[in-house]
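Asker: The listed protein sequences derive, respectively, from chains L and Y.
For the first sequence, my numbering begins at 1 and goes up steadily by one.
For the second sequence, my numbering begins at 1001 and goes up steadily by one.
Glycine included, each C-beta is placed from N, C-alpha and C at the ideal position.
2 protein chains.
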Amino acid sequence: MPRQSARRRNGIREVAAAAGVSIGTVSNVLNCPEVVATSTRERVERAMRELEFVPNGVARQLRDGRGRTAGAIVLDLANPFFTEVARGIQDRLAQADVTLTVCSTDGAPDREDRYLQVLEEQGVRGILITPTRMRPGTLLDIQRRGVPVVLLDCPSPTPDLCSVAVDDTLGGELVITHLLDRGHRRIAFVNGPTRVPQCAARSAGVRRGLRAAGLDPAEHLTEVELPSATAVAGEQAVPEVLAGPHPPTAIICVSDWVALGVLRALGRRGVAVPGEVAVVGYDDVPYAAELYAPLTSVWQPKYELGRAAAELLLSKAEAGHRCTQVTFEPALIVRESSAAAIA
Amino acid sequence: MPRQSARRRNGIREVAAAAGVSIGTVSNVLNCPEVVATSTRERVERAMRELEFVPNGVARQLRDGRGRTAGAIVLDLANPFFTEVARGIQDRLAQADVTLTVCSTDGAPDREDRYLQVLEEQGVRGILITPTRMRPGTLLDIQRRGVPVVLLDCPSPTPDLCSVAVDDTLGGELVITHLLDRGHRRIAFVNGPTRVPQCAARSAGVRRGLRAAGLDPAEHLTEVELPSATAVAGEQAVPEVLAGPHPPTAIICVSDWVALGVLRALGRRGVAVPGEVAVVGYDDVPYAAELYAPLTSVWQPKYELGRAAAELLLSKAEAGHRCTQVTFEPALIVRESSAAAIA
DNA sequence: ATGAAAGCGCTAACAT
DNA sequence: ATGTTAGCGCTTTCAT
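(1) Check each residue of the segment 1077 to 1101 of chain Y: if its Cβ is closer than 7 Å to any Cβ of chain L, include it; give the result in chain order.
(2) Indicate whether at least one CB of chain L lies closer than 8 Å to the CB of residue 1069 of chain Y.
(3) DSSP three-state call for residue 90 of chain L: helix, strand or coil?
(4) Could you tell me which whole beta strand (DSSP E) segments of length 3 or greater appear in the segment 37 to 106 of chain L?
(5) Can you tell me whether DSSP reads residue 344 of chain L as helix, strand or coil?
(6) Rank L:158, L:151, L:172 by C-alpha distance to the C-alpha of residue 164 of chain L and give the top, closest one.
(7) Counting C-beta neighbours from all protein chains within 10 Å, is the total for residue 1 of chain L 16 or more, i.e. buried, or is it exposed?
(8) So who's on the other strand from residue 342 of chain L, going by DSSP bridges?
(9) Apart from the five residues just before and just after residue 109 of chain L, which ones in its own chain have a Cβ nearer than 7 Å to its Cβ?
(10) Suppose contacts are defined by Cβ-Cβ distances below 8 Å. Is residue 125 of chain L in contact with residue 98 of chain L by that definition?
(11) Under three-state DSSP, which class holds residue 1017 of chain Y?
(12) In chain Y, which residues lie less than 7 Å from residue 103 of chain L when you measure between Cβ atoms?
(13) How many angstroms separate the CA atom of residue 1048 of chain Y from the CA atom of residue 1021 of chain Y?
(14) Ignore the nearest five residues each way along the sequence and tell me which others in residue 67 of chain L's own chain have a CB closer than 6 Å to its CB.
(15) With a threshold of 8 Å, are at least 3 pairs of Cβ atoms found where one atom belongs to the segment 1292 to 1309 of chain Y and the other to the segment 281 to 301 of chain L?
(16) Give, in chain order, every residue of the segment 271 to 293 of chain L whose Cβ lies closer than 8 Å to some Cβ of chain Y.
(17) What does DSSP give as the partner residue(s) for residue 325 of chain L in the beta ladder?
(18) Would you call the CB atoms of residue 1105 of chain Y and residue 1119 of chain Y closer than 8 Å?
(19) How many angstroms separate the CA atom of residue 41 of chain L from the CA atom of residue 1069 of chain Y?
(20) Bridge partners of residue 191 of chain L, per DSSP?
(21) Less than 8 Å between C-beta atoms, sequence neighbours within five positions excluded: which residues of the same chain meet that for residue 56 of chain L?
(22) Within the same chain, show all residues whose beta-carbon is closer than 7 Å to that of residue 1323 of chain Y, passing over the 5 residues directly before and after it, in chain order.
(23) What does residue 62 of chain L reach in chain Y if we use C-beta pairs closer than 7 Å?
(24) Rounded to whole angstroms, what's the CA-CA distance from residue 1257 of chain Y to residue 1302 of chain Y? Just pull it up for me.
(25) At which residues does the alpha helix (DSSP H) containing residue 156 of chain L begin and terminate?
(26) Apply the 10 Å Cβ neighbour rule to residue 5 of chain L and answer buried if 16 or more other Cβ atoms are within range, or exposed otherwise.
(27) For residue 141 of chain L, return the contacting residues in chain Y, with the cut-off set at a CB-CB distance below 9 Å.
(28) Given that residue 1260 of chain Y touches chain L, what residues does it touch there, using C-beta distances under 7 Å?
(29) Using a Cβ-Cβ cutoff of less than 7 Å, which residues in the same chain neighbour residue 1054 of chain Y once the five nearest sequence positions on both sides are dropped?
(30) Along the chain, where does the beta strand (DSSP E) that runs through residue 149 of chain L open and close?
(31) Between L:214, L:210, L:333, which lies nearest to residue 221 of chain L when the distance is taken from Cα to Cα?
(32) Closer than 8 Å between beta carbons: that is the criterion. Which residues of the segment 119 to 140 of chain L meet it against chain Y?
(33) State the Cα-Cα distance for the pair residue 13 of chain L and residue 83 of chain L, rounded to the nearest angstrom.
(34) Using the rule of at least 16 other Cβ atoms within 10 Å of the residue's Cβ for burial, across every protein chain shown, is residue 1103 of chain Y buried or exposed?
(35) Return the residues of the segment 226 to 254 of chain L that lie within a Cβ-Cβ distance of less than 8 Å from chain Y, sorted by chain order.
(36) Can you name the residues that DSSP bridges to residue 1128 of chain Y?
Below, the structure is given as structure tokens:
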């Protein structure tokens, strides 16, 4: 057992020497074994085992350019929504033997920029991104330089970018229409940064639904903008939401993740849901139905969203320039947190 | 609109030519700008901008060996527990400008092996791993070849591996002791694969607690082993758990993630929690307190666990061989799902 | 079937 | 202060 802690890793060079062949032959054993004579091949393979040879993926990538890693830039990996999307991505990529580097921006544009830069430098196979703002310039630049970019959970504002999205405007409209149906007329919307495309689209959908019902958003809707769409932020927003002489009878949350925080704060203050206030979330995360107030929410095909995005990334890396925009449909799932009609 | 899709990326070579300097100078501008004359530097920087120069991280890594990516191999990224751990890791790594590649094994040893191989080939800066089984051999090999390995949420069975863990045996004991206190004597344990260290340790703790109370585990405990510790698996296990002439009065779940599935199935079958059966989880995930049956659970310092692991990884990569084993203490949080004593 | 040699883009030592 | 050059480990022609 050779004690060799700090020894440099063995490369094909050492393997070649040990097997008494040239490095070219070792390379062939690695990449096209069928072209090497059986006896030679076995000798080389034995040498590899003995020297604990581990191929250097970095050198390989430098040679032929193609990375074996893709990057995903999301808003918040701790949000159960993204977590499920990430599983969809991972599973599809794994089939192509590609691993996934995940980065959370928390909605901050400067962190987004830094991650984009790092990933491009790292030579990733492609980038999946839920952007923190609508500014495709940087993304188009990156793509022009040869790194496929796919917008994740966000419709592309240009035909030159692939995207996989769910119709958020429709989702917002489904929610508000449901609440209006149930008689609500003073409604709060706890939103994330409106700079973030999803947040903007859901807000737009809510307003569209209001106007479609002949109601003035300015009169019936109060929107609160969180610094980032997290449970903690949602929790902290509740006092503000409930303040004033005419508190809302319903609260729409931009995500179930935010809704969780809202429900927590509501519970702590002893505000009954849905008795005193109705609550609606968005995403239909796994625990939505098991909460003390089973949460009305907008379902989205999360896992499929991830798979589809990975699919596009992979096919784009292969085939070249085809740009596809995929859109899924959301669906409202009514549960007790908002089921009852009010006076 | 320059149509130049497939153009090769510009490297320091092109920049040098455009700025009329040598590639060495360009490299200096990149790595020690202060050594370059101001006017030259500005000329080079302008050329970089004009040519949209993006440094090639792969080439750089090949040169000096150090990767800018770390790998984390976890059981299931969709489990909210890991998700929070992952955020802790990411945040610490980001300070050192290192990104994180996340891999989910779903508890399958063969997937673990493949990911280990891929990460090592990729030249990662280090590997954080929640192993699917207790077999440190492979990990020690990898570490000997120069890649730091840190066990994540798992105590090291050898002094040669760094680890960050929470005392799972104690956690299991806290849970069972609490239930015995409340009068429970027929208890089910819905566990994950016992091959997985955490699952084994929690089970051991439960049994230890039973024996400490002078009770025979064989008589009072029924353990069900899930193929993997997920909500769906937990949901499917409920019929089996409830079968037989003497169903349990309490169900311990190996994680809140599993508990969620169990609660869902229980709710669907109309079994009241905690009325007919008490339920205890493990991890104290964010939604635990807001469930329809606020869930008794074992709290763990998830985010800190991740940070500490990343810290070790980073310091090991720098300093060399110091091996540290960090252990955190769990804490039982009693909520309604198991608060009441039974007849 | 196998070997020799030219880079991939960059850094760092050394030379000027 | 700037230029020159030798690799990092591998794949891939092109010879033999």
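Answerer: By the coordinates alone:
(1) 1077, 1078, 1080, 1083, 1084, 1086, 1087, 1090, 1099, 1100, 1101
(2) The residue given as residue 1069 of chain Y occupies position 69 in the second sequence. Interface residue, yes.
(3) Stepping through the first sequence from its first residue, residue 90 of chain L is reached at position 90. In this structure, residue 90 of chain L counts as helix in the three-state DSSP scheme.
(4) 69 to 74, 99 to 104
(5) Lying outside 1 to 343, the shown extent of chain L, residue 344 of chain L is not represented and no answer is given.
(6) Here residue 164 of chain L refers to the residue found at position 164 of the first sequence. Here the closest residue by C-alpha is L:151.
(7) Working through the first sequence from its first residue, we reach residue 1 of chain L at position 1. Residue placement at residue 1 of chain L is flagged as unreliable, the pLDDT there being 31, under the threshold of 50; the coordinate-derived value follows with that caveat. Exposed.
(8) As a working mapping, residue 342 of chain L is identified with position 342 in the first sequence. Its beta-bridge partners do not exist; DSSP assigns none.
(9) Looking up residue 109 of chain L in the first sequence gives position 109. Counting only Cβ-Cβ distances below 7 Å, and skipping sequence neighbours, we find 132, 133.
(10) Within the first sequence, the letter at position 125 stands for residue 125 of chain L. Within the first sequence, the letter at position 98 stands for residue 98 of chain L. One thing to note: residue 125 of chain L has its Cβ within 8 Å of the Cβ of residue 98 of chain L.
(11) On the second sequence, residue 1017 of chain Y is found 17 positions in, with the first residue counted as 1. Helix at residue 1017 of chain Y.
(12) For this step, residue 103 of chain L is matched to residue 103 along the first sequence. Within 7 Å Cβ-Cβ: 1099.
(13) In the second sequence, the residue the question calls residue 1048 of chain Y occupies position 48. In the second sequence, the residue the question calls residue 1021 of chain Y occupies position 21. Roughly 12 Å separates the two Cα atoms.
(14) As a working mapping, residue 67 of chain L is identified with position 67 in the first sequence. The answer, listed in chain order, is 61, 123, 124, 125.
(15) yes
(16) Contacts with chain Y (Cβ-Cβ distance below 8 Å) from the segment 271 to 293 of chain L involve 286, 287, 289, 290, 291, 292, listed in chain order.
(17) Locating residue 325 of chain L in the first sequence gives position 325, where the first residue counts as 1. BP columns for residue 325 of chain L point to L:163.
(18) Your numbering for residue 1105 of chain Y matches position 105 in the second sequence. Your numbering for residue 1119 of chain Y matches position 119 in the second sequence. No, the pair does not count as a contact, with Cβ atoms beyond the cut-off.
(19) Here the question's residue 41 of chain L lines up with position 41 in the first sequence. Here the question's residue 1069 of chain Y lines up with position 69 in the second sequence. Those two C-alpha atoms are separated by around 33 Å.
(20) Position 191 of the first sequence, counted from the start, is the residue given in the question as residue 191 of chain L. Paired residue(s): L:225.
(21) Working through the first sequence from its first residue, we reach residue 56 of chain L at position 56. The answer, listed in chain order, is 9, 11.
(22) As a first step, residue 1323 of chain Y is located in the second sequence; it is residue number 323 there, counting from the start. The beta carbon of residue 1323 of chain Y lies closer than 7 Å to those of 1159, 1160, 1161, 1162 in the same chain, with the five residues before and after it left out.
(23) For the purposes of this step, residue 62 of chain L is taken as the residue at position 62 of the first sequence. Ordered by position in chain Y, the residues that pass the 7 Å Cβ test against residue 62 of chain L are 1058, 1059, 1062.
(24) One-based indexing of the second sequence puts residue 1257 of chain Y at position 257. One-based indexing of the second sequence puts residue 1302 of chain Y at position 302. Cα to Cα, the separation comes out at about 14 Å.
(25) Along the first sequence, read from residue 1 onward, the residue named residue 156 of chain L stands at position 156. It is not in any alpha helix (DSSP H) - residue 156 of chain L carries neither H nor E in the DSSP assignment.
(26) Within the first sequence, the letter at position 5 stands for residue 5 of chain L. Low confidence applies to residue 5 of chain L: its pLDDT is 41, below 50, so where it sits in the model is not reliable, and the reading given next is rough at best. Exposed is the call here.
(27) Here residue 141 of chain L refers to the residue found at position 141 of the first sequence. Within 9 Å Cβ-Cβ: 1052.
(28) Taking the first residue of the second sequence as position 1, residue 1260 of chain Y is located at position 260. Per Cβ cutoff of 7 Å: 286, 287, 290.
(29) Residue 1054 of chain Y sits at position 54 when you count from the first residue of the second sequence. Cβ within range, chain order: 1009.
(30) If you number the first sequence from 1, residue 149 of chain L lands on position 149. Where residue 149 of chain L is concerned, the enclosing beta strand (DSSP E) stretches over 149 to 152.
(31) Here residue 221 of chain L refers to the residue found at position 221 of the first sequence. Considering only alpha carbons, the answer is L:210.
(32) 119, 120, 121, 122, 123
(33) Along the first sequence, one-based indexing puts residue 13 of chain L at 13. Along the first sequence, one-based indexing puts residue 83 of chain L at 83. For residue 13 of chain L and residue 83 of chain L, the distance between alpha carbons rounds to 42 Å.
(34) Within the second sequence, numbered from 1, the residue matching residue 1103 of chain Y stands at position 103. With 16 or more other Cβ atoms within 10 Å, it is buried.
(35) 231
(36) Translated into positions along the second sequence, residue 1128 of chain Y becomes position 128. Residue 1128 of chain Y pairs with Y:1072, Y:1150.
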